[in-house]
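Trainee:
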Amino acid sequence: MAETLKKGSRVTGPAREKLATELKKKYDSGASIRALAEETGRSYGFVHRMLSESGVSLRGRGGATRGKAKATA
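So that you can map any letter, position 33 of the sequence shown is 33 in the UniProt record's numbering, and since no number is skipped, the others follow by simple counting.
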């Protein structure tokens, strides 16, 4: 994915399948959706949709979660 896609250009056919495969591989190896969006020059939503279409099981959001404090032993 060396070249950045032109913003707003349609990605169809074999090019879309190739992009989906590359995004899936990078996401599975730990890259975030935001990092992939920046790398490709596309929006977060576009990358999210491409990953969903290619059957990737998306990771949950990180960060602190709210809930009951863990009991100290």
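For every residue, glycine included, the Cβ atom is placed at its ideal position computed from N, Cα and C.
(1) Is the separation between the beta-carbon of S54 and that of A15 shorter than 8 Å?
(2) Starting from the C-beta of Y44, find all residues in its chain whose C-beta is less than 8 Å away, skip the five residues before and the five after it, and write them out in chain order.
(3) Assuming K25 and L51 form a contact by the criterion Cβ under 8 Å, report the distance between their Cβ atoms to the nearest whole angstrom.
(4) Measuring alpha carbon to alpha carbon, tell me which residue in G30, R49, E17, G41 is nearest S9.
(5) Using DSSP with H/G/I as helix, E/B as strand and the rest coil, what is A35?
Mentor: With the given structure in hand:
(1) For S54 and A15, no; Cβs fall outside 8 Å.
(2) I33, R34, A37
(3) About 11 Å separates the CB atoms of K25 and L51; that is not less than 8 Å, and the two are not in contact.
(4) When each option's Cα is compared against that of S9, the closest is G41.
(5) helix
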